[in-house]
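A.B. asks: Just dropping this structure here.
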Amino acid sequence: MSIKKKVAILKKLTKNELVEICKNYGIKGYSGLSQAKLAEHIAKNCNLSLEELENLANSFIEQRLVAKVNDARDHFLLKKVQIEHFSDDMVIADVAGYRVKISNLGKEDFSYSCDEKCADYVYQVRKGRYPFCKHYPAVLAELVYQGLVDSSKLNNITGRVLEALLNLVEERKKEEGLLKPVGRDIENSLRQVVEDYVEISRQNSKVAREKYHSPPEKVFEILTEQAFQLLEFDTIVRTKESGWDLLVIGTHATPPYIAVIECKTATSGVYDYITRNPDYLIKLKTYCIDLVKEKLLGVYKDYVRYMVVVGPDFPVDIERFTMQFRHMTGGIKLSFLPAQTLVYLVKKYRENPILTHDLLAMLFESEKIIRKEDVDRLFEEADRRIESLIEIARQRLRERFREFAARTADACFVKMDEILLQTLIYDVLNALQPDLVKMGKKSTTGVTTIHLKHDYFKIWEKVLNGLVEEFVRLLEEESNVQQKRTELKEDLIKFLELR
Ligand SMILES: [Zn+2]
Numbered sequence: 001m002s003i004k005k006k007v008a009i010l011k012k013l014t015k016n017e018l019v020e021i022c023k024n025y026g027i028k029g030y031s032g033l034s035q036a037k038l039a040e041h042i043a044k045n046c047n048l049s050l051e052e053l054e055n056l057a058n059s060f061i062e063q064r065l066v067a068k069v070n071d072a073r074d075h076f077l078l079k080k081v082q083i084e085h086f087s088d089d090m091v092i093a094d095v096a097g098y099r100v101k102i103s104n105l106g107k108e109d110f111s112y113s114c115d116e117k118c119a120d121y122v123y124q125v126r127k128g129r130y131p132f133c134k135h136y137p138a139v140l141a142e143l144v145y146q147g148l149v150d151s152s153k154l155n156n157i158t159g160r161v162l163e164a165l166l167n168l169v170e171e172r173k174k175e176e177g178l179l180k181p182v183g184r185d186i187e188n189s190l191r192q193v194v195e196d197y198v199e200i201s202r203q204n205s206k207v208a209r210e211k212y213h214s215p216p217e218k219v220f221e222i223l224t225e226q227a228f229q230l231l232e233f234d235t236i237v238r239t240k241e242s243g244w245d246l247l248v249i250g251t252h253a254t255p256p257y258i259a260v261i262e263c264k265t266a267t268s269g270v271y272d273y274i275t276r277n278p279d280y281l282i283k284l285k286t287y288c289i290d291l292v293k294e295k296l297l298g299v300y301k302d303y304v305r306y307m308v309v310v311g312p313d314f315p316v317d318i319e320r321f322t323m324q325f326r327h328m329t330g331g332i333k334l335s336f337l338p339a340q341t342l343v344y345l346v347k348k349y350r351e352n353p354i355l356t357h358d359l360l361a362m363l364f365e366s367e368k369i370i371r372k373e374d375v376d377r378l379f380e381e382a383d384r385r386i387e388s389l390i391e392i393a394r395q396r397l398r399e400r401f402r403e404f405a406a407r408t409a410d411a412c413f414v415k416m417d418e419i420l421l422q423t424l425i426y427d428v429l430n431a432l433q434p435d436l437v438k439m440g441k442k443s444t445t446g447v448t449t450i451h452l453k454h455d456y457f458k459i460w461e462k463v464l465n466g467l468v469e470e471f472v473r474l475l476e477e478e479s480n481v482q483q484k485r486t487e488l489k490e491d492l493i494k495f496l497e498l499r
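Using the numbering used here, the letters of the sequence shown correspond one by one to residues 1 to 499.
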């Protein structure tokens with residue numbers, strides 16, 4: 001009796017989900033079975049009660065819906081949702097060119113329809129397999145964001161699905177400065193990258209589903225973006241299905257650069273598709289030339305300099321394709337970044353954030369599989385550069401200070417005025433270009449602008465400490481050598497008619 005009921009419940013799940021149940025509950029003999037046969041096989045062979053099975057199935061379905069909400073993320077955050085009409089019984093919206101109509105939202109006789117172009121809607125929703133496509137939560141998020149509807153009255157959106165939707169709304173409000181940011185959530189994203197990134201790169205769907213409610217490929221992209229953000233890069237994710245996954249922008253470099261990132265997972269732990277199918281290089285070429293470089297104008301075109309494939313690991317002979325790629329693309333350098341190396345780099349950087357975007361470009365320049373040793377060398381180079389930066393800044397301070405002191409100092413004071421002080425500070429800051437400072441002139445007013453790179457606070461700390469030490473030493477030297485009488489002493493001698 002209950003077997004039939006169990007089958008009915010299990011039939012709501014996809015084949016992959018059923019296979020996952022077999023794996024998790026040690027049910028053998030499932031390979032090669034169709035979805036329907038799998039449902040029967042599990043119903044007969046599992047020890048779960050009807051209620052337990054129902055809960056399990058519901059949690060799978062809930063996770064699928066959470067994933068749908070997450071798919072709506074980019075549309076909503078990139079402001080691709082236009083509410084064209086809003087009234088009590090009808091909402092009409094445009095989501096990135098897809099037309100969504102919702103009638104009687106929050107009521108019993110609710111219904112919605114998506115564009116005929118939406119394959120998800122046509123093949124999944126209309127056939128009753130899914131309650132909604134990703135365009136539906138995108139519209140709802142926009143409505144909640146604009147304060148037009150009550151979030152507790154959204155059809156088909158409850159529990160964790162609602163939680164995911166509200167998270168999106170909150171994220172947008174934070175981005176727009178409407179919510180006070182609680183500081184960038186560095187600790188949390190660092191923990192996720194360190195704990196799960198390598199597993200996800202090997203397509204661990206259990207971790208992906210349970211912790212991130214999305215398929216491993218998608219989670220890998222999200223975590224890759226987080227990892228680059230932890231290195232203080234600006235990032236842009238692609239919203240369309242095909243093409244590159246991520247742009248990493250080295251804003252602080254002089255000149256800035258763009259690295260086009262492609263994320264690849266592999267169950268085997270080694271992504272070797274390119275070595276077996278070199279034609280794939282043409283696709284990668286399209287990603288960075290047609291889909292990025294050709295779309296940019298003027299000087300921005302030249303910023304596109306690197307292509308990086310991120311994956312679990314790569315076979316050594318993949319490196320032989322980098323030269324070919326450079327020739328094909330007119331100079332774009334291709335490198336391979338294993339997940340483990342990226343985790344190592346991010347961890348090391350967060351402990352000691354001294355790598356600049358200029359330095360990090362050396363990794364993308366390398367045209368090889370980037371290893372931990374390369375990361376270590378980068379940190380050694382960073383130390384060397386900071387030392388020389390400190391030396392230059394100290395020297396500049398010393399020269400300037402000496403100059404003023406020679407003119408103005410007496411036994412008690414080195415005499416400064418506002419203008420001298422300004423020159424001194426300007427000169428020292430000038431010496432910190434372009435590593436820590438960007439100077440320019442406002443074209444409208446001609447006023448000098450000074451931009452401090454706050455992401456490099458650790459390097460600032462080292463340089464400023466060096467300057468403080470130098471300044472104290474200069475004062476001390478001056479105190480030891482200066483014998484010239486003070487003005488006060490000169491005046492007293494004059495009044496007392498001592499000469
Ligand atoms: Zn749709």
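Glycine included, C-beta positions come from ideal geometry on N, C-alpha and C.
Using the DSSP secondary-structure output, state which residues sit across from Ser111 in a beta bridge.
C.D. replies: According to DSSP, which records beta bridges pairwise, Ser111 is partnered with Ser103.
A.B. asks: Taking Cys114 as the reference, which of Lys107, Glu108 and Val122 has the closest Cα?
C.D. replies: Per the Cα distances, Val122.
A.B. asks: When you measure from the CB of Tyr123 to every non-hydrogen atom of ligand 1, does any distance come out below 6 Å?
C.D. replies: The answer is no for Tyr123.
A.B. asks: Can you grab the Cα-Cα spacing for the pair Leu334 / Gln433, in whole Å?
C.D. replies: So the two alpha carbons sit approximately 29 Å from each other.
A.B. asks: For Phe457 and Leu105, what's the separation of their Cα atoms in angstroms?
C.D. replies: So the alpha carbons of these two residues sit roughly 50 Å apart.
A.B. asks: Per DSSP, Cys133 forms a beta bridge with which residues?
C.D. replies: Beta-bridge pairing links Cys133 to no other residue.
A.B. asks: Comparing alpha-carbon positions, which option in His75, Val125, Arg126 and Lys174 lies nearest Val139?
C.D. replies: The shortest Cα separation from Val139 among His75, Val125, Arg126 and Lys174 belongs to His75.
A.B. asks: Ligand 1 and Pro263: does any heavy atom of the ligand fall closer than 6 Å to the residue's C-beta?
C.D. replies: Per the sequence shown, the amino acid found at residue 263 is Cys instead of Pro. No.
A.B. asks: In the structure shown, what three-state DSSP assignment does Ile83 receive?
C.D. replies: Looking at Ile83 - three-state DSSP - the assignment turns out to be strand.
A.B. asks: Are the beta-carbon atoms belonging to Asn45 and Ile27 less than 7 Å from one another?
C.D. replies: Yes.
A.B. asks: In the DSSP assignment, find the beta strand (DSSP E) that holds Asp234 and state where it starts and stops.
C.D. replies: It spans Asp234 to Val237 - the beta strand (DSSP E) in which Asp234 sits, taken as one unbroken run.
A.B. asks: Can you determine whether any heavy atom of ligand 1 sits closer than 6 Å to the C-beta of Cys288, and answer yes or no?
C.D. replies: Not so, every heavy atom of ligand 1 lies at least 6 Å from the Cβ.
A.B. asks: Could you check if His135 belongs to the surroundings of ligand 1, using beta carbon to heavy atom distance under 6 Å?
C.D. replies: His135 Cβ: within cutoff of ligand 1.
A.B. asks: Assuming Leu246 and Glu232 make a contact with CB atoms under 8 Å, what is their CB distance in whole Å?
C.D. replies: That pair is no contact at about 15 Å.
A.B. asks: Please check the pair Lys484 and Asp410, which I expect to be a contact at CB under 8 Å, by giving their CB distance rounded to whole angstroms.
C.D. replies: Indeed, because the Cβ distance is near 4 Å, the residues count as touching under 8 Å.
A.B. asks: Only counting the same chain, and skipping five residues up and downstream in sequence, which positions put a Cβ closer than 6 Å to that of Pro131?
C.D. replies: For Pro131, where only same-chain residues beyond five positions count, the Cβ hits under 6 Å are Asn156.
A.B. asks: Give a single yes or no on whether Cys22 has its beta carbon closer than 6 Å to a heavy atom of ligand 1.
C.D. replies: No.
A.B. asks: Let me check you understand the geometry: is the CB of Cys46 closer than 6 Å to at least one non-hydrogen atom of ligand 1?
C.D. replies: Checking the Cβ of Cys46 against ligand 1 gives no.
A.B. asks: Cutting at 8 Å between CB atoms, please list the residues of its own chain near Val463, excluding the five before and the five after it.
C.D. replies: Excluding positions up to five away in sequence, the list reads Ile386, Leu389, Ile390, Ala393, Leu432 and Leu436.
A.B. asks: For ligand 3, is there a heavy atom less than 6 Å away from the beta-carbon of Lys173?
C.D. replies: Ligands displayed in this structure: ligand 1; ligand 3 is not among them.
A.B. asks: Could you check what DSSP says for Lys180 in three-state terms: helix, strand or coil?
C.D. replies: At Lys180 the pLDDT is 47, less than 50, meaning the model places this residue with poor confidence; the figure from the coordinates comes in the next sentence. Coil.
A.B. asks: Return the CA-CA distance between Val207 and Asp302, expressed in angstroms with no decimal places.
C.D. replies: So the two alpha carbons sit approximately 40 Å from each other.
A.B. asks: Can you tell me which of Ser201, Val260 and Val149 puts its alpha carbon nearest to the alpha carbon of Val308?
C.D. replies: Of Ser201, Val260 and Val149, the residue nearest in Cα terms is Val260.
A.B. asks: Would Arg525 be called buried (16 or more neighbouring beta carbons within 10 Å of its own) or exposed?
C.D. replies: One cannot answer for residue 525 here, as it falls past the ends of the chain, which runs 1 to 499.
A.B. asks: Using a 10 Å radius around the Cβ and a threshold of 16 neighbouring Cβ atoms, would you call Thr356 buried or exposed?
C.D. replies: Result: buried.
A.B. asks: Measure the alpha-carbon distance for Pro216 versus Asp313 and round it to whole angstroms.
C.D. replies: Going by the C-alpha atoms only, they are around 16 Å apart.
A.B. asks: Measuring alpha carbon to alpha carbon, tell me which of Val414, Leu498, Ser443 and Leu50 ends up nearest Phe471.
C.D. replies: Nearest C-alpha to Phe471: Val414.
A.B. asks: Enumerated in chain order, which unbroken segments of the beta strand (DSSP E) with a length of 3 residues or greater are wholly contained in the stretch 234–316?
C.D. replies: The qualifying runs are 234–237, 246–250, 257–263 and 304–311.
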